[in-house]
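Colleague: Numbering (this note's numbering), first residue to last: 916 to 1084.
Pasting a structure below so you can have a look.
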Ligand code: QAP
Ligand code: CO
């Protein structure tokens, strides 16, 4: 297994729209395993392939405390079940150190492929629904900071660019 490098805002590669996976091959399964290792090491609860500079529609997630609930969503499609919005203080491995309130639909249905390429559909609510919508945004080149005011986004951008310069020097 391998640890992958996570791109950080405002890296322009995070704005790439990911393409569908046409076949779940060994290459895809190895990428999924590496994404889990990278997410668990961070540690985080969700990671989209876009964040590791692979622009294919793949998401990994695990909301458990002990790595006991790994979930894979390939080519996910969601439908909003209830327009009712909920608020949550979201974070992102690509925006380290920042948490801000974002509003999203509370209940969704997802259709996707699993790690074996088998299709499934499921209704999701709570943190699973929030996290999946956040990760699907990554596949579209969208970040949670895009929901904030331009002023807040610019402040976050400034601090992260400064941290990144300190690290490269
Ligand atoms: C996305 O985010 C998410 O700032 C997953 O310094 C998060 O795993 C969706 C993390 C919350 C919905 C709600 C963030 C780790 C992890 C940081 C993550 C950090 C270290 C974020
Ligand atoms: Co994120």
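Here a beta-carbon is modelled for each residue, glycine too, at the ideal position from N, C-alpha and C.
Start and end of the alpha helix (DSSP H) containing residue 1048?
Modeller: Its alpha helix (DSSP H) spans residues 1041-1054.
Colleague: Give me, in chain order, the residues of the same chain whose beta-carbon lies closer than 8 Å to that of residue 1068; leave out the 5 immediate sequence neighbours on both sides.
Modeller: Excluding sequence neighbours, residue 1068 sits near 1060, 1061.
Colleague: Quick one: what does DSSP say residue 944 is sitting in, helix, strand or coil?
Modeller: Three-state result, residue 944: helix.
Colleague: Pull the bridge partners of residue 994 from the DSSP assignment, please.
Modeller: The partner list for residue 994 (beta bridge, DSSP) reads 1024.
Colleague: Going by DSSP in three states, residue 923 sits in which element: helix, strand or coil?
Modeller: It is coil, neither helix nor strand.
Colleague: Thinking residue 990 and residue 1027 are a contact (beta carbons under 8 Å), I'd like their distance in whole angstroms, please.
Modeller: Right, the Cβ-Cβ distance comes to about 6 Å (below 8 Å), so this counts as a contact.
Colleague: In this structure, what does DSSP give as the bridge partners for residue 1018?
Modeller: Beta-bridge pairing links residue 1018 to 1002.
Colleague: According to DSSP, is residue 954 part of a helix, a strand, or is it coil?
Modeller: Here residue 954 sits in helix by DSSP.
Colleague: What residue does the alpha helix (DSSP H) around residue 1071 start on, and which one ends it?
Modeller: Run containing residue 1071: 1065-1083, per the alpha helix (DSSP H) assignment.
Colleague: Going by DSSP, which residues form a beta bridge with residue 1036?
Modeller: In the DSSP output, where bridge partners are listed per residue, residue 1036 has 1026.
Colleague: Which of the three DSSP states, helix, strand or coil, is assigned to residue 928?
Modeller: DSSP places residue 928 in helix when its eight states are reduced to three.
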